[in-house]
Amino acid sequence: MYTIELEKVRKSYGTFVAVDDLSFKIEKGSVFGLLGPNGAGKTSTIRMMIGITAPDSGTIGMFGKAFERKSLNRVGYLPEERGLYRKMKVLDQLILMAELHGMSAADAKQKAIEWCQRLDISFKLNSKVEELSKGLQQKIQFIAALLHDPDFIIMDEPFFGLDPVNATMLKNVLLDLKKEGRTILFSTHRMDQVEKLCDSLCLINHGRPVLHGTLKDVKAGYGKRNVQIDYAGDISFLERSPLISKFNNYGNYVEVQLAPGADSQELLRVAAAHSRINRFELMEPSLEEIFIDVVGEHKVDSEEKLQAEKNNLQVAGGRNA
1 MYTIELEKVR KSYGTFVAVD DLSFKIEKGS VFGLLGPNGA GKTSTIRMMI GITAPDSGTI
61 GMFGKAFERK SLNRVGYLPE ERGLYRKMKV LDQLILMAEL HGMSAADAKQ KAIEWCQRLD
121 ISFKLNSKVE ELSKGLQQKI QFIAALLHDP DFIIMDEPFF GLDPVNATML KNVLLDLKKE
181 GRTILFSTHR MDQVEKLCDS LCLINHGRPV LHGTLKDVKA GYGKRNVQID YAGDISFLER
241 SPLISKFNNY GNYVEVQLAP GADSQELLRV AAAHSRINRF ELMEPSLEEI FIDVVGEHKV
301 DSEEKLQAEK NNLQVAGGRN A
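The sequence shown begins at 1 in my numbering and counts up by one.
See below:
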């Protein structure tokens, strides 16, 4: 069963196309990565999924049927743009947000206290949001997305502003929720977190899908082009070799990337002819390397483009007035 299904979804603002012919499905109980550079269309896609905006064309299904607003009580959403009431106390804020999802004030209070204890911030329950650090505010909004026990959890850049300890804490919470059968959509440009969390992914650029599949299949599709070589002697000559497209020397070992069409056995032969090779290991590329390779230099800042489009529309409107 799929928690959510997008089929040929398109969204534009004026002449700017934010999302173009995007299709994917997320299996129940899985963690799905919606990836892309800043401005690729990730947030625009999420906003359509939860009914903030409507697609120009295409269909969106949720929990096995066409999207209905009442389904949103089964959805928890942590937006990229933070939306806490700064003058409000933490506990009051969490209760309010849970009530918006249909919880009673008593149940919301109990859940809020439990979650704050779990995330080590119960000592801030009576503090105003404006008195908290950015990291603590992020934890509060994270809790707000989970208080009503949603079946489908959408996390848009959930680790923003968190130190490694707190990022790991939230990551472990998400993994626990996955074990409980919750479905999680994880939107980010942090590839290191994706590799630790996601079962499958869709990489979008310029609003269009450029990679889609399980993490294992995506990596397998790129083959093992990276090589780690532990050596004794001098191996710096490899940096100039036509067999190599990337070369990083870390002292007693190097990491290289094979040039297109290069043979790893030929590289081993050349390296062994000049140095003593203690270890020669082919490695699959990291997701970050795949991301950079696919996206290349064609990163889009959608906010700037969208603002430019709005400015153009305003100018055109003024001329027609």
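By construction, the Cβ of each residue, glycine as well, lies at the ideal position given by its N, Cα and C atoms.
Keep in mind it's a predicted model, so treat the numbers as computed, not measured.
Could you tell me if residue i is buried or exposed, where buried requires 16 or more neighbouring beta carbons within 10 angstroms of its beta carbon?
i: Gln137; result: buried
i: Gly339; result: With the chain represented from 1 up to 321, any question about residue 339 goes unanswered, as that position is not in the structure.
i: Ile204; result: buried
i: Ile50; result: buried
i: Gln265; result: exposed
i: Gly83; result: exposed
i: Phe24; result: buried
i: Ile52; result: exposed
i: Lys8; result: exposed
i: Phe123; result: exposed
i: Thr188; result: buried
i: Thr43; result: buried
i: Gln117; result: exposed
i: Leu34; result: buried
Assign residue i to one of three DSSP states: helix, strand, or coil.
i: Lys65; result: strand
i: Asn126; result: coil
i: Leu147; result: coil
i: Arg182; result: coil
i: Ser57; result: strand
i: Asp163; result: coil
i: Leu132; result: coil
i: Ile140; result: helix
i: Ile113; result: helix
In the DSSP assignment, what are the bridge partners of residue i?
i: Leu34; result: Ser187 and Cys202
i: Arg86; result: Arg86 pairs with nothing; no bridge assigned.
i: Leu229; result: The question names Leu, but residue 229 is Ile in the sequence shown. Beta-bridge pairing links Ile229 to Val254 and Phe280.
i: Arg208; result: Asn205
i: Leu96; result: DSSP, once it has assigned bridges, lists no residue as partnering Leu96.
i: Gly223; result: Looking at the DSSP assignment, Gly223 forms no beta bridge with any residue, so it has no partner.
i: Val75; result: Phe152
i: Gly213; result: Leu201
Practice item. Would you check if the segment 12 to 24 and the segment 176 to 189 touch, i.e. whether three or more CB-CB distances between them fall below 8 Å? Key: Flag = no, the segment 176 to 189 and the segment 12 to 24 do not touch.
Exercise for review: Taking only runs that begin and end inside the segment 233 to 306, name each unbroken alpha helix (DSSP H) of 4 or more residues, in chain order.
Suggested key: 264 to 274 and 287 to 295
Exercise for review: Assess, as a yes-or-no matter, whether the segment 57 to 72 is touched by the segment 230 to 246 under the definition of 3 or more beta carbon pairs within less than 8 Å.
Suggested key: no
Review point. What are the start and end residues of each continuous alpha helix (DSSP H) run of 4 or more residues lying completely inside the segment 4 to 55, in chain order?
Key: 42 to 49
Practice item. Check whether the segment 78 to 97 touches the segment 146 to 157, counting contact only when three or more Cβ pairs, one atom from each stretch, lie closer than 8 Å. Key: yes
Check your understanding: Pairing CB atoms from the segment 16 to 33 with CB atoms from the segment 206 to 213, are three or more of them under 8 Å?
Key -> yes
Check your understanding: So does the segment 234 to 242 actually touch the segment 38 to 54, counting three or more Cβ pairs closer than 8 Å?
Key -> no
Check your understanding: When the Cβ atoms of the segment 162 to 169 are set against those of the segment 248 to 258, are three or more pairs found closer than 8 Å?
Key -> No: the two stretches stay apart, fewer than three of their Cβ pairs being nearer than 8 Å.
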